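Below: one structure, written as structure tokens.
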Amino acid sequence: MQHTPSASKQKNSRALTTSPKNSMSTSRNNESILVTGYENPDIDVTACAYAYAEFLQKNGRDAIAGLFGKPHEEAGFVLKTFNISAPKNAEEILKNCEKVVLVDTSDPDDAPNINPQNVIEVIDHRRENKASNFSNAKVQIELVGSCATLIAEKFQKQNIKITKESAALLYSAIISNTINFKAKVTTERDKIISEWLKTKFDLPENYAHEMFAYKSTLTESLKDTLIADFKSFTFGEKQLSIAQIEKGFNTFLAPEKSTADLLTNTLGVQFKDKIARKEKIIMRKEIIPLLKEILEK
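The sequence shown stops at residue 296 when you use numbering that gives the first Met the number 0, and every number in between is there.
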């Protein structure tokens, strides 16, 4: 049976280049490290890849950030706002890197072009993860609102100077992922490190409002927007897929009765004409563990 909760529309939420110092040689080098995340990345992947490559460089490692696919529109907005160059193609960088660090993902299916044996580090913040698939990797999984929090804390703890570009990206990722600290996934760590990051760059007036407004604007067709955000999960013998658009309210669209029943049992929402609404903010990363618990019974 396939469950497909189609669109969870959420309130106010949710690049790279090599960082200013990421422009290193890409000659074949067994010590070179690609820092990347899942394909068609959001601002969290974009920010974490950019900033963690910088962090590794400042620790003497030959690291370079790269992205697979096309970053979400929000990531493009942040890059443009802070005049940060566009990201390099991870496919090309991978040709010259033997080692890989994954940020904001711990699922091999999110990075099909990467050999799991070549992954040396995984940094993620999701309760549901597949980090055990990376047998050679150092793994950091901590339940905070944004993976960017974990990356920023590394700079702070080691007292390593962070560039204004990395600070701006990480701050943007945190307020996006936590819906400006209103989402249930928000922790005190997210709030504390965000205040620290704000001291490292010039924050434009009304920045969060403008970022969320831009994020809620559809620049492509509804179909293309949903497809770009589509994520699939397998729990036992069941496959579940979710796409979301953030437009200022929580609306669930369930094309099939089985999907509607699943969401009713999980979230307590009631469907009418395949549509249900929920007052409180809830994010996909919060929904998945709840659905997993039911589907794997």
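Virtual Cβ for every residue (Gly too), placed ideally from N, Cα, C.
What you are looking at is a predicted structure, and each value in this text was computed from that prediction instead of being measured.
Review point. Would the beta-carbon of residue 33 fall within 7 Å of that of residue 138?
Key: Counting from 1 along the sequence shown, the entry for residue 33 is found at position 34. Counting from 1 along the sequence shown, the entry for residue 138 is found at position 139. Result no, Cβ atoms of residue 33 and residue 138 do not sit closer than 7 Å.
Check your understanding: Is the beta carbon of residue 207 less than 7 Å from the beta carbon of residue 174?
Key -> The sequence position of residue 207 within the sequence shown is 208, counting from 1. The sequence position of residue 174 within the sequence shown is 175, counting from 1. Cβ atoms of residue 207 and residue 174: closer than 7 Å.
Point to revise | Helix, strand or coil at residue 44 according to DSSP, with G and I counted as helix | key: Residue numbering aside, residue 44 sits at position 45 when the sequence shown is read from its first letter. The answer is helix: DSSP assigns residue 44 an H, G or I state.
Check your understanding: Under a Cβ-count criterion, where at least 16 other Cβ atoms within 10 Å of its own Cβ denotes burial, should residue 301 be classed as buried or exposed?
Key -> The structure shown has nothing for residue 301, since the chain only spans 0 to 296.
Review point. So does the stretch 130-148 actually touch the stretch 178-189, counting three or more Cβ pairs closer than 8 Å?
Key: Yes: the two stretches touch, three or more of their Cβ pairs being nearer than 8 Å.
Exercise for review: Have a look at residue 84 and residue 256 and give me their C-alpha separation to the nearest angstrom.
Suggested key: Taking the sequence shown and counting its residues from 1, the one referred to as residue 84 is at position 85. Taking the sequence shown and counting its residues from 1, the one referred to as residue 256 is at position 257. In a straight line, the C-alpha of residue 84 is about 46 Å away from that of residue 256.
Review point. Under 7 Å, do residue 54 and residue 153 count as touching if we go by C-beta distance?
Key: What you label residue 54 is simply residue 55 of the sequence shown in a count that begins at 1. What you label residue 153 is simply residue 154 of the sequence shown in a count that begins at 1. Yes, they are a contact pair.
Check your understanding: Buried or exposed: residue 201, going by 16 or more other Cβ atoms within 10 Å of its Cβ?
Key -> Reading the sequence shown from its first residue, position 202 is the one you call residue 201. Exposure of residue 201 is indicated by the presence of fewer than 16 other C-beta atoms within 10 angstroms of its C-beta.
Review point. Using DSSP with H/G/I as helix, E/B as strand and the rest coil, what is residue 238?
Key: Along the sequence shown, read from residue 1 onward, the residue named residue 238 stands at position 239. Strand, per DSSP.
Check your understanding: Which runs of the alpha helix (DSSP H), 4 residues or longer, sit entirely within the stretch 41-90?
Key -> You should have 42-57 and 72-80.
**Study point:** Between the CA atoms of residue 193 and residue 22 - distance to the nearest angstrom
**Key:** Position 23 of the sequence shown, counting from 1, holds the residue named residue 22. Position 194 of the sequence shown, counting from 1, holds the residue named residue 193. Its pLDDT being 39, under 50, residue 22 is placed unreliably in this model, and the coordinates cannot settle the point.
Practice item. Starting from the C-beta of residue 89, find all residues in its chain whose C-beta is less than 7 Å away, skip the five residues before and the five after it, and write them out in chain order. Key: Taking the sequence shown and counting its residues from 1, the one referred to as residue 89 is at position 90. Apart from the 5 residues on each side of it in sequence, residue 89 sits with its Cβ closer than 7 Å to the Cβ of 33, 35, 65, 66 and 67 in its chain, given in chain order.
Review point. Should residue 242 and residue 273 be called a contact, given that it needs their Cβ atoms to be closer than 7 Å?
Key: Working through the sequence shown from its first residue, we reach residue 242 at position 243. Working through the sequence shown from its first residue, we reach residue 273 at position 274. No, Cβ-Cβ distance for residue 242 and residue 273 is not below 7 Å.
Check your understanding: For residue 231, which three-state DSSP category applies?
Key -> In the sequence shown, counting from the first residue as 1, residue 231 sits at position 232. Under the three-state reduction of DSSP, residue 231 is assigned to strand.
Exercise for review: Would you kindly report the start and end of the unbroken beta strand (DSSP E) that includes residue 188?
Suggested key: Within the sequence shown, residue 188 is the residue found at index 189, counting from 1. From DSSP, residue 188 is part of no beta strand (DSSP E) but of the alpha helix (DSSP H) over 187-197.
Check your understanding: Exposed or buried, which one is residue 176 when buried takes at least 16 other CB atoms within 10 Å?
Key -> Along the sequence shown, one-based indexing puts residue 176 at 177. Buried is the call here.
Practice item. Taking residue 122 as part of the beta strand (DSSP E), name the residues at either end of that continuous run. Key: Start at 1 with the first residue of the sequence shown, and residue 122 comes out as number 123. Its beta strand (DSSP E) spans residues 118-123.
Exercise for review: Using DSSP bridges, identify the partner residues of residue 297.
Suggested key: Residue 297 is absent from the structure shown; the chain starts at 0 and stops at 296.
Review point. Can you tell me the Cα-Cα spacing of residue 232 and residue 214, whole angstroms?
Key: Counted from its first residue, the sequence shown places residue 232 at position 233. Counted from its first residue, the sequence shown places residue 214 at position 215. Roughly 24 Å between the two C-alpha positions.
Check your understanding: On the premise that residue 249 lies in contact with residue 276, defined as a C-beta separation below 8 Å, what is that separation, rounded to the nearest angstrom?
Key -> Numbered from its first residue, the sequence shown carries residue 276 at position 277. Numbered from its first residue, the sequence shown carries residue 249 at position 250. Right, the Cβ-Cβ distance comes to about 6 Å (below 8 Å), so this counts as a contact.
Check your understanding: Is DSSP giving residue 225 helix, strand or coil here?
Key -> By 1-based counting over the sequence shown, the position of residue 225 is 226. Per DSSP, reduced to three states, the secondary structure at residue 225 is helical.
Review point. Once you ignore the five residues that flank residue 40 on each side, which residues in its own chain have a CB closer than 6 Å to its CB?
Key: Working through the sequence shown from its first residue, we reach residue 40 at position 41. Cβ within range, chain order: 66 and 70.
Check your understanding: Taking only runs of the alpha helix (DSSP H) that begin and end inside the stretch 249-296, which ones reach a length of at least 4 residues, in chain order?
Key -> Segments of the alpha helix (DSSP H) lying fully in the stretch 249-296: 256-266 and 283-294.
Exercise for review: Output yes or no for whether 7 Å exceeds the beta carbon distance between residue 51 and residue 150.
Suggested key: The residue you call residue 51 lines up with position 52 of the sequence shown. The residue you call residue 150 lines up with position 151 of the sequence shown. At the C-beta level, residue 51 and residue 150 come within 7 Å of one another.
Check your understanding: Is the beta carbon of residue 157 less than 7 Å from the beta carbon of residue 195?
Key -> By one-based count along the sequence shown, residue 157 stands at place 158. By one-based count along the sequence shown, residue 195 stands at place 196. Their beta carbons are not under 7 Å apart, which means residue 157 does not touch residue 195 by this criterion.
Review point. Near residue 38, which residues of its chain fall below 6 Å by C-beta distance, leaving aside the five closest residues on each side in sequence?
Key: Here residue 38 refers to the residue found at position 39 of the sequence shown. Only 67 and 68 meet the Cβ criterion.
Point to revise | Residues near residue 222 in its chain [Cβ-Cβ closer than 7 Å; skip 5 each side] | key: Working through the sequence shown from its first residue, we reach residue 222 at position 223. Nothing meets the Cβ criterion.
Check your understanding: Between residue 171 and residue 42, is the Cβ-Cβ spacing less than 7 Å?
Key -> By 1-based counting over the sequence shown, the position of residue 171 is 172. By 1-based counting over the sequence shown, the position of residue 42 is 43. In this structure, residue 171 lies near residue 42, with their beta-carbon atoms less than 7 Å apart.
Exercise for review: Could you tell me which residues DSSP pairs with residue 139 in its beta bridges?
Suggested key: Mapped onto the sequence shown, residue 139 falls at position 140. Note: residue 139 sits in a beta bridge opposite 122.
Point to revise | DSSP three-state assignment for residue 219, whether helix, strand or coil | key: Here residue 219 corresponds to residue number 220 of the sequence shown, with the count starting at 1. The three-state secondary structure of residue 219, taken from DSSP, is coil.
Practice item. Consult DSSP for residue 161 and reduce its assignment to one of helix, strand or coil. Key: Your numbering for residue 161 matches position 162 in the sequence shown. Residue state, collapsed to three classes: coil.
Point to revise | Minimum Cβ-Cβ distance from residue 200 to chain B less than 7 Å | key: The chain inventory of the structure shown lacks chain B, comprising one protein chain alone.
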